[in-house]
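The next block holds one structure in the form of structure tokens; read it before the comments.
Residue numbers (UniProt numbering), protein chains in the order written: chain G, 1 to 110; chain C, 1 to 397.
Given below as structure tokens:
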């Protein structure tokens, strides 16, 4: 993910190479896209590694399907896209750990 | 001050806090795994009832020249608005029904029958209120920017009018909610970016226009010569919804026993600590099944704050387990009859309208953190409100 995404922007305007925890929580609760920061639509998309997709546990916040496809174009072959109706915000059990996201109603590709 | 120093937790060891977290995780898991057709049937049934109630109310108002029809139509319409706003709209926007994969009953698409745009609600309520629950300076639900609800908020002579502001807030609650995401406190202090404010106001203006057109022009016009009666019925139905929603929300966080926090207490908290903060910052009320339905199951406010995205119809069964857990770990579980809970809220509002020195012999139950630490907070130590917004609003800056 090479472009500056909403979930990577810190309060001071600098950019985090990973995900800013506060932004990730905001995306989950406010139902906004981790890429463009605008309100999500149905369905919701997640982008992550094949391992994340297999485990159904993503580090990057929910996205619009179109924003997700744009991210995939930036990293072809490395990322997987999963569509879902809903998801759960998984808060960390240890201090300092990031939050993650678990899709709960995956829409299978035709 | 570390989170573990919060008075209500000090008897718990780190291992016990983690064990509580695991038990609550298990409760959540059980609901997630059993979530299915019965829950889907529940929400579809409630939506059907709500729509029929609204239609019946509107139709009855065609006979509003006959006073009992006016009364009946108004009550049906008011009840439909209450159901739509609290049990359906509020809970859908939390994502409680997203798992059904129904694009209509989805947190992203639901627009509710009230003046606040859903998008602003999802920021001010779902994020700010639920993430920073009862954190002074962050959670704008603490007094809605106009009421002093804890001694951690500095007293000002304007607070003397609190009983009046409180009554006005109850009557015009829809409008208080509409302006909620503007952050009245920041506007008052001149800290609000005028461009962001303008953009938010424009969105509110559009939503208010739609609501006003529906309730005060189109439906009254449809009833022809009885338009004025229909208009007053619609206004009364909105008033009914306002007062009830105010009551439900204020009883969720301000009765005796609900704790306020400061920012330092939530710095990098774990899931177990987050659970505990939600439990201590919220209060339930008791009532019949109908009372719980009409309050969007927010009589189970503690359970709602623990699991805001689980289906509301499951909160009653979750409450039994949470109450048992609180008993075993000696954690406060604040609950009581609705009337008693509201009287406690009202008492706090009255007491805090006065300077602290006048109530020092009988302080409100929401003791300030500064006093718990043996001293009073200075103004510069009082927390500042959160200012971040979603891209939609912040891009105007």
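Don't be surprised by glycine CBs; every beta carbon is placed ideally from N, CA and C.
Quick caveat, the model's predicted, so the values are computed rather than measured.
Q.
On the CB-based measure, 16 or more other CB atoms within 10 Å of its CB, does residue 288(C) come out buried or exposed?
A. exposed
Q. Does residue 26(C) get closer than 9 Å to chain G when you measure Cβ to Cβ?
A. no
Q. What residues match up with residue 245(C) in a beta bridge as DSSP calls it?
A. Partner(s): none; residue 245(C) has no beta bridge.
Q | Cβ pair count under 8 Å reaching 3, the stretch 107-127 of chain C against the stretch 19-29 of chain G | A | Yes: the two stretches touch, three or more of their Cβ pairs being nearer than 8 Å.
Q) Which ranges does the alpha helix (DSSP H) cover as unbroken runs of at least 4 residues, wholly within the stretch 72-155 of chain C, from first to last along the chain? A) As far as the stretch 72-155 of chain C is concerned, its whole alpha helix (DSSP H) runs of at least 4 residues are 118-121.
Q) Are the stretch 75-88 of chain C and the stretch 147-167 of chain C in contact at 8 Å, needing three or more beta carbon pairs? A) Contact between the stretch 75-88 of chain C and the stretch 147-167 of chain C is absent, because fewer than three Cβ pairs lie under 8 Å.
**Q.** chain C contacts from the stretch 40-58 of chain G (Cβ-Cβ distance under 7 Å)
**A.** 40, 41, 42
Q. When the distance is taken between beta carbons, is residue 77(C) closer than 9 Å to residue 49(C)?
A. In this structure, the beta-carbon distance from residue 49(C) to residue 77(C) does not fall below 9 Å.
Q) If you draw a straight line from the alpha carbon of residue 251(C) to that of residue 283(C), how long is it in whole angstroms? A) 7 Å
**Q.** Limits of the unbroken alpha helix (DSSP H) element including residue 65(G)
**A.** That run of the alpha helix (DSSP H) goes 65-74.
Q. For residue 118(C), which residues of its own chain have a beta-carbon under 7 Å away from its beta-carbon, when the five flanking residues on both sides are left out?
A. 93, 110, 111, 112
**Q.** Beta-carbon proximity list for residue 100(C), same chain, < 7 Å, skipping 5 on both sides
**A.** 40
Q. Taking any Cβ of chain G, which residues in the stretch 113-138 of chain C have a Cβ under 7 Å from it, in chain order?
A. 119, 122, 123, 126, 127, 130, 131
Q) Between residue 97(C) and the rest of its own chain, which residues show a CB-CB distance below 6 Å, the 5 nearest in sequence each way excluded? A) The residues are 43, 105.
(Q) Given a cut-off of 9 Å on the beta-carbon distance, is the pair residue 237(C) and residue 74(C) in contact? (A) yes
Q | Under 8 Å by beta carbon: chain C residues contacting residue 92(G) | A | From the beta-carbon of residue 92(G), the residues of chain C found nearer than 8 Å are 270, 271.
Q: Decide if residue 10(G) is buried, meaning its Cβ has at least 16 other Cβ atoms within 10 Å, or exposed.
A: So residue 10(G) ends up on the exposed side.
(Q) For residue 176(C), report the span of its beta strand (DSSP E) as first-last. (A) Where residue 176(C) is concerned, there is no enclosing beta strand (DSSP E), although the alpha helix (DSSP H) it sits in stretches over 173-178.
**Q.** Inter-stretch contact at 8 Å, needing at least 3 Cβ pairs: the stretch 198-215 of chain C / the stretch 302-319 of chain C
**A.** no
Q: Specify the secondary structure class of residue 68(C) as computed by DSSP and reduced to three states.
A: helix
Q: Following the continuous alpha helix (DSSP H) through residue 281(C), name the residue where it begins and the one where it ends.
A: Note, residue 281(C): alpha helix (DSSP H), 271-281.
Q | Interface residues of the stretch 10-38 of chain G facing chain C [CB-CB below 7 Å] | A | Listed by position along the chain: 11, 25, 26, 29, 30, 31, 32, 36, 37, 38.
Q: Determine the chain C residues that contact residue 88(G) at a beta-carbon separation under 8 Å, and present them in chain order.
A: Result: 32, 309.
Q) Exposed or buried, what is residue 351(C) when buried is set at 16 or more other beta-carbons lying within 10 Å of its beta-carbon? A) Buried, since its Cβ has 16 or more Cβ neighbours within 10 Å.
Q: Excluding the 5 residues preceding and the 5 following residue 8(G) in the sequence, name in chain order all residues of the same chain whose CB lies nearer than 8 Å to its CB.
A: 1, 15, 16, 17, 18, 19, 20, 23
(Q) For chain C, check one thing: does any of its Cβ atoms lie closer than 9 Å to the Cβ of residue 105(G)? (A) Output row for residue 105(G): interface = yes.
Q: Report the partner residues of residue 286(C) according to the DSSP bridge assignment.
A: 337(C)
Q. In terms of alpha-carbon separation, which member of 235(C), 142(C), 177(C) lies closest to residue 58(C)?
A. 235(C)
Q: Find the nearest neighbour of residue 82(G) within the set 70(G), 74(G), 56(G), judged by alpha-carbon distance.
A: 56(G)
Q: Show which residues of chain G have a CB atom less than 9 Å away from the CB atom of residue 279(C).
A: Under the 9 Å cutoff, chain G gives no residues; its nearest Cβ is about 14 Å from residue 279(C).
Q: Give me the Cα-Cα distance between residue 302(C) and residue 92(G), rounded to the nearest whole angstrom.
A: 20 Å
Q: For residue 157(C), name the three-state secondary structure that DSSP assigns.
A: helix
Q. So what does DSSP say about residue 369(C), is it helix, strand or coil?
A. Unreliable placement is indicated for residue 369(C), whose pLDDT of 48 sits below 50; no coordinate value is reported for it.
Q: May I have the straight-line CA-CA distance separating residue 73(G) from residue 181(C), to the nearest angstrom?
A: Rounded to the nearest angstrom, the two C-alpha atoms are 36 Å apart.
Q: Please determine if the stretch 177-192 of chain C and the stretch 289-301 of chain C are in contact, where contact requires at least 3 C-beta pairs separated by less than 8 Å.
A: no
Q) If you measure from the beta carbon of residue 106(C) to each beta carbon in chain G, is any gap under 9 Å? A) yes
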